[in-house]
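Protein chains in written order, with our numbering: chain A, 1 to 285; chain B, 286 to 605.
Data first, discussion second: the structure below is written as structure tokens.
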């Protein structure tokens with residue numbers, strides 16, 4: 001130990017003029033450009049523990065497709081998707097279930113898993129004690145949820161191909177569309193979860209997800225609803241996902257894909273912004 | 286805040302690695318840290334001793350650049366956390382009060398992944414992880430999941446994890462709280478080795494034995510303020526006598542006994558269960574107590590400790 005002596009002037013780094021920056025550089029600095037470390041951690045965790053859980057989430061929409069597309073579909077026959085254009089019932093609901101599988105993958109991970117890591121594992125607290133910033137955490141975790149959604153999507157798209165439910169070459173474009181859908185749901189899912197503090201609140205997410213799954217023109221066309229209700233449905237994210245993906249796998253676009261793309265871009269931007277701000281407020285106060 | 290100093294504030298000869306002046310943190314009305322001054326020299330082992338809720342952890346979080354100070358100045362490794370948060374965090378090792386190991390990963394992966402958060406290349410992380418596993422005596426647990434470890438092992442792993450980035454300062458918040466005595470000694474031994482290698486340690490604790498074991502110099506903190514500062518021996522010399530005589534007369538008789546014995550000691554403290562008589566020679570005082578015909582149920586002569594310093598400074602025990 002060095003003997004303390006009296007009299008040396010303390011150094012004051014803050015005596016230097018500090019220019020105000022728009023992007024914080026101090027305690028709340030947003031980004032270290034190292035989201036891949038967060039993503040790498042999530043992939044490693046999947047490899048070593050949770051891959052069975054990951055796999056099980058894939059089968060749910062496949063079961064729906066078999067039960068409803070083939071079981072119920074034999075009674076229903078064909079569905080009109082555009083004036084004068086009909087497709088088999090299975091080919092009608094398959095793209096909707098495809099969108100649902102991408103959504104599920106993204107939402108499972110960005111809600112319950114994130115909730116656990118945030119409140120019980122204290123994972124983000126540990127990450128943010130390093131040089132990692134909240135935007136790194138948000139991008140890494142959302143990136144992983146997105147990947148899970150995309151993997152479910154690719155798996156389901158393969159099932160559709162085997163069953164002959166991809167009616168056009170444009171089904172290939174459903175892949176980037178699914179990535180976009182998964183990205184949007186992962187971003188918003190994590191943002192909402194970051195504001196939740198109890199299990200009861202987490203149940204609200206299920207309360208929203210189930211009706212959205214059933215009513216977003218998944219199993220029957222939008223025209224079934226009265227006009228007012230149609231407006232409500234077309235405001236839901238899953239409806240945009242179903243429309244976008246259905247247009248691509250059937251080759252019969254119902255509406256312009258770019259409107260849907262813009263909708264998801266806004267979701268992504270809002271999701272990442274709120275997640276980052278919330279992580280900073282929680283762990284870098 | 287010169288008025289809170291009981292001893293005189295001192296300036297270290299070498300550029301301090303940590304320097305705080307009038308450091309303050311408030312949460313609304315609540316003052317968690319009420320203007321503290323402290324300096325830590327490179328290679329020093331520095332302690333913050335105080336009861337739970339004294340503001341130790343908040344101070345650590347501000348130094349660790351994960352909490353924004355409300356006012357005052359703070360320099361960590363020559364940088365201001367308000368402008369260089371990530372740079373400071375990248376050069377510190379942090380052992381938080383509660384373990385936050387990654388329960389989904391193995392012991393070795395915990396180290397590697399944590400190193401990756403600092404942007405250290407994977408190969409370097411792996412090499413360093415193996416060294417640290419040896420240091421923490423966890424090499425045989427490398428492939429085990431964290432949940433299978435004992436409390437002491439988890440703590441050692443958390444310390445190893447904090448060393449992955451070869452930090453300039455290792456910050457330990459209550460490092461042995463909740464551990465059994467044997468695990469504490471193993472941990473102290475590891476921390477001693479770090480100290481011998483010249484690692485700068487900053488330790489918070491509410492255990493006086495831990496502060497005496499680990500700290501070259503410490504501040505006594507209470508209610509967000511520094512009550513005294515010095516080496517453990519200096520503090521004991523300044524604020525206590527060489528020895529303490531502990532007497533128990535039974536809870537109903539302690540207060541009266543203290544009155545009867547007031548002239549025998551330099552100072553008397555009455556605790557709910559016992560009376561403490563501060564004196565240079567405890568045995569001599571005990572003999573005098575007996576000669577007065579007072580017969581305590583139990584008596585114990587011991588050396589003064591930091592616990593006595595704290596009691597003197599605050600009128601309260603460290604652990605309540």
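Each residue gets a CB set at the ideal place from its N, CA and C atoms; glycine is no exception.
What residue ranges within the stretch 108-190 of chain A form continuous alpha helix (DSSP H) runs of no fewer than 4 residues, ordered along the chain?
With a minimum length of 4 residues, the continuous alpha helix (DSSP H) runs that stay inside the stretch 108-190 of chain A are 114-119, 123-128, 134-162.
How many Å lie between residue 59(A) and residue 143(A) at the Cα?
So the two alpha carbons sit approximately 22 angstroms from each other.
For the beta strand (DSSP E) containing residue 215(A), name the first residue and the last one.
That residue, residue 215(A), is in no beta strand (DSSP E); its alpha helix (DSSP H) goes 199-215.
Given that residue 121(A) touches chain B, what residues does it touch there, using C-beta distances under 8 angstroms?
Within chain B, the residues near residue 121(A) are 385, 387, 388, 389.
Just by C-beta distance, which residues in the stretch 324-350 of chain B are closer than 9 angstroms to chain A?
Using a CB distance below 9 angstroms, the part of the stretch 324-350 of chain B facing chain A consists of 324, 326, 327, 328, 329, 330, 346, 347, 349, 350, ordered along the chain.
If you measure beta-carbon to beta-carbon, which residues of the stretch 120-153 of chain A are closer than 8 angstroms to chain B?
From the stretch 120-153 of chain A, only 121, 122, 123, 125, 126, 127, 128, 129, 130, 131, 132, 133 have a Cβ closer than 8 angstroms to chain B.
Taking the continuous alpha helix (DSSP H) assigned at residue 40(A), which residues delimit it?
Its alpha helix (DSSP H) spans residues 35-45.
What residue range does the beta strand (DSSP E) around residue 312(B) cover?
Unbroken beta strand (DSSP E) run through residue 312(B): 303-312.
Are any of the Cβ atoms in chain A nearer than 9 angstroms to that of residue 498(B)?
Proximity of residue 498(B) to chain A, defined by a Cβ-Cβ separation below 9 angstroms, is not satisfied.
Please tell me whether residue 291(B) has its Cβ less than 9 angstroms away from any Cβ of chain A.
Legend: pLDDT at residue 291(B) = 35, less than 50; position of this residue unreliable, no value from coordinates given.
Mind reading off the beta-carbon distance from residue 279(A) to residue 134(A)? Whole number of angstroms is fine, and I expect it under 8 angstroms.
Confirmed, Cβ separation roughly 4 angstroms.
C-alpha gap between residue 444(B) and residue 379(B), whole angstroms
Cα atoms of residue 444(B) and residue 379(B): separation of roughly 8 angstroms, rounded to the nearest angstrom.
Between the stretch 442-459 of chain B and the stretch 371-385 of chain B, do at least 3 Cβ pairs fall closer than 8 angstroms?
Short answer: they touch.
Contact set for residue 311(B): own chain, Cβ-Cβ below 7 angstroms, skip 5 residues either direction
Once the five neighbours on either side are set aside, the close Cβ partners of residue 311(B) are 317, 355.
Along the stretch 363-374 of chain B, where does the CB come closer than 8 angstroms to a CB of chain A? Name the residues.
Answer set for the stretch 363-374 of chain B: 363, 364, 365, 366, 367, 368, 369, 370, 371, 372, 374.
Taking residue 282(A) as part of the alpha helix (DSSP H), name the residues at either end of that continuous run.
Note, residue 282(A): alpha helix (DSSP H), 257-283.
Determine, using beta-carbon pairs with one atom in the stretch 202-217 of chain A and one in the stretch 232-246 of chain A, whether at least three such pairs fall under 8 angstroms.
The answer is yes - the stretch 232-246 of chain A touches the stretch 202-217 of chain A, with three or more Cβ pairs under 8 angstroms.
Quick check: is the beta carbon of residue 115(A) nearer than 9 angstroms to any beta carbon in chain B?
It does not; no Cβ of chain B falls within 9 angstroms.
Under 9 angstroms between the Cβ atoms of residue 330(B) and residue 428(B)?
Their beta carbons are not under 9 angstroms apart, which means residue 330(B) does not touch residue 428(B) by this criterion.
Rounded C-beta distance between residue 499(B) and residue 488(B)? I'm assuming under 8 angstroms.
Between the beta-carbon of residue 499(B) and that of residue 488(B) there is about 5 angstroms, and that keeps the pair under the 8 angstroms contact cut.
Which residues, taken in chain order from the stretch 468-483 of chain B, show a beta carbon closer than 8 angstroms to some beta carbon of chain A?
Cβ contacts with chain A: none found.
Is residue 109(A) near residue 145(A), with beta carbons less than 9 angstroms apart?
The answer is yes: Cβ separation under 9 angstroms.
Nonlocal neighbours in the same chain, by C-beta distance under 8 angstroms from residue 86(A), ignoring five residues either side
Cβ neighbours of residue 86(A) beyond the five flanking positions: 78, 79, 80.
Give the DSSP-derived three-state secondary structure of residue 195(A) in the structure shown.
The answer is coil: DSSP assigns residue 195(A) none of H, G, I, E or B.
With a threshold of 9 angstroms between beta carbons, is residue 356(B) in contact with chain A?
Closer than 9 angstroms: no.
Residue 404(B) CB to nearest chain A CB: under 9 angstroms?
Output row for residue 404(B): interface = yes.
What residues in the stretch 442-469 of chain B have a beta carbon less than 8 angstroms from any beta carbon of chain A?
Listed in chain order, the positions of the stretch 442-469 of chain B with a beta carbon within less than 8 angstroms of a beta carbon of chain A are 450.
Hey, quick one: how far does the alpha helix (DSSP H) through residue 420(B) stretch, first residue to last?
That run of the alpha helix (DSSP H) goes 407-420.
Would you say residue 577(B) and residue 546(B) are within 9 angstroms of each other, going by their C-beta atoms?
Closer than 9 angstroms, so yes.
If we define contact as Cβ-Cβ less than 9 angstroms, is residue 26(A) a contact residue for chain B?
Chain B, which has a Cβ nearer than 9 angstroms to the Cβ of residue 26(A), makes this yes.
Using a Cβ cut-off of 9 angstroms (strictly closer), state whether residue 488(B) contacts chain A.
By this cut-off, residue 488(B) is not an interface position.
Anything in the stretch 31-43 of chain A with a Cβ closer than 7 angstroms to a Cβ of chain B? List those residues in chain order, please.
Within the stretch 31-43 of chain A, those residues whose Cβ lies closer than 7 angstroms to any Cβ of chain B are, in chain order, 32, 34, 37, 40, 41.
Are the C-beta of residue 415(B) and some C-beta of chain A separated by less than 9 angstroms?
Closer than 9 angstroms: no.
In angstroms, rounded to a whole number, what distance separates the CA positions of residue 437(B) and residue 464(B)?
Using only the alpha carbons, I get a separation of about 6 angstroms.
Would you tell me roughly how many angstroms separate the C-alpha atoms of residue 75(A) and residue 165(A), rounded to the nearest one?
Taking the straight line from one Cα to the other gives about 18 angstroms.
Spatial neighbours of residue 275(A) in its chain, beta-carbon cut-off 6 angstroms, leaving aside the 5 residues before and after:
Excluding positions up to five away in sequence, the list reads 138, 190, 191, 194.
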